[in-house]
Amino acid sequence: MKALHDVVESGKVRYIGASSMWAHQLLEMQYTARMNGWTEFISMQNLHNAAYREEEREMVPSLRKFGMGMIPWSPVMMGYLARPHDEATESDRGKAMNGKFMGNALTEADIRINEKIQEIAEKRGVSMAVVAIAWSLSKEYVTAPIVGMGKIERVEEAVEAVNFELTKEEETSIDELYQPRKIIGFS
Numbered sequence: 117m118k119a120l121h122d123v124v125e126s127g128k129v130r131y132i133g134a135s136s137m138w139a140h141q142l143l144e145m146q147y148t149a150r151m152n153g154w155t156e157f158i159s160m161q162n163l164h165n166a167a168y169r170e171e172e173r174e175m176v177p178s179l180r181k182f183g184m185g186m187i188p189w190s191p192v193m194m195g196y197l198a199r200p201h202d203e204a205t206e207s208d209r210g211k212a213m214n215g216k217f218m219g220n221a222l223t224e225a226d227i228r229i230n231e232k233i234q235e236i237a238e239k240r241g242v243s244m245a246v247v248a249i250a251w252s253l254s255k256e257y258v259t260a261p262i263v264g265m266g267k268i269e270r271v272e273e274a275v276e277a278v279n280f281e282l283t284k285e286e287e288t289s290i291d292e293l294y295q296p297r298k299i300i301g302f303s
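In short: position in the sequence shown from 1, add 116, done, that's our numbering.
Below you can see the structure in the form of structure tokens.
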């Protein structure tokens, strides 16, 4: 933390953020910085999307405690939440994933969440990626999701998602399908 503080003090960066760690590790680092008068983290990059929400258990309360923003990565679950289940699993990326997300088998809950996002997207006349990103943006603790921009369509969908708002009922219909799972994304 002292080294990061020195980088801020030198003027090379204005702020520091953390990425993918256990909540207790973040708390240790924040308290170390606070006790020594050093620069604290202002943001956390976490794996978080409609089908993976384990960060809500301990990390989100920790972020609130320190007034930090959350910048989730993989809001469309490596493309899985951006297209219908069958299409996603048959795509080149889907085949490479072999029915898994970060080494963990897709669950029935993942499939139901995918189907619900598809249903909302079709009903509202937008892409599934717009709905998945809008879901992420609907969470008050999310500052801004990290969205892959490999194609111009991804940029357009991200911009569209900023101006697209899920109804409370739509958000709840996605949320209620979530099933807790083991922690992934860091060790």
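Glycine included, C-beta positions come from ideal geometry on N, C-alpha and C. All values reported here derive from a predicted model rather than from experimental measurement.
Are the CB atoms of residue 142 and residue 186 nearer to each other than 9 angstroms?
The residue you call residue 142 lines up with position 26 of the sequence shown. The residue you call residue 186 lines up with position 70 of the sequence shown. In this structure, residue 186 does not lie closer than 9 angstroms to residue 142 by Cβ.
Measure from the alpha carbon of residue 258 to the alpha carbon of each residue in 162, 136, 124 and 131, then state which is nearest.
Indexing the sequence shown from 1 puts residue 258 at position 142. For the residues 162, 136, 124 and 131, the minimum Cα distance to residue 258 belongs to 162.
DSSP three-state call for residue 157: helix, strand or coil?
As a position in the sequence shown, residue 157 is number 41, starting the count at 1. Strand at residue 157.
Rounded to the nearest angstrom, how far is the Cβ of residue 314 from that of residue 136, given a contact under 8 angstroms?
An answer regarding residue 314 cannot be provided, because it is not within the stretch 117 to 303 covered by the chain.
Taking C-alpha atoms, which residue in 260, 228, 220 and 177 lies nearest to residue 300?
Taking the first residue of the sequence shown as position 1, residue 300 is located at position 184. Closest option to residue 300, Cα to Cα, is 220.
Have a look at residue 238 and residue 249 and give me their C-alpha separation to the nearest angstrom.
If you number the sequence shown from 1, residue 238 lands on position 122. If you number the sequence shown from 1, residue 249 lands on position 133. Rounded to whole angstroms, residue 238 to residue 249 spans 15 angstroms at the Cα level.
Residue 164 and residue 138: beta carbons closer than 9 angstroms?
Here residue 164 corresponds to residue number 48 of the sequence shown, with the count starting at 1. Here residue 138 corresponds to residue number 22 of the sequence shown, with the count starting at 1. No; because the gap between Cβ atoms is not below 9 angstroms, this pair is not in contact.
Straight-line CA distance for residue 218 to residue 192?
Along the sequence shown, read from residue 1 onward, the residue named residue 218 stands at position 102. Along the sequence shown, read from residue 1 onward, the residue named residue 192 stands at position 76. If you draw a straight line from the Cα of residue 218 to the Cα of residue 192, it comes to about 13 angstroms.
Can you give me the C-alpha to C-alpha distance between residue 120 and residue 153, rounded to a whole angstrom?
The residue given as residue 120 occupies position 4 in the sequence shown. The residue given as residue 153 occupies position 37 in the sequence shown. Their backbone Cα atoms lie some 12 angstroms apart in a straight line.
Determine the extent of the beta strand (DSSP E) in which residue 134 is found, giving its start and end residues.
Taking the first residue of the sequence shown as position 1, residue 134 is located at position 18. Segment 132-135, the beta strand (DSSP E) holding residue 134.
If we count the other Cβ atoms within 10 Å of its Cβ and call it buried at 16 or more, is residue 214 buried or exposed?
Stepping through the sequence shown from its first residue, residue 214 is reached at position 98. Residue 214 comes out exposed.
Could you give the distance in angstroms between the alpha-carbon of residue 290 and the alpha-carbon of residue 243?
Counting from 1 along the sequence shown, the entry for residue 290 is found at position 174. Counting from 1 along the sequence shown, the entry for residue 243 is found at position 127. In a straight line, the C-alpha of residue 290 is about 16 angstroms away from that of residue 243.
Quick check: the Cα distance between residue 147 and residue 140, rounded to an integer number of angstroms?
In the sequence shown, the residue the question calls residue 147 occupies position 31. In the sequence shown, the residue the question calls residue 140 occupies position 24. Between residue 147 and residue 140, the C-alpha separation is close to 10 angstroms.
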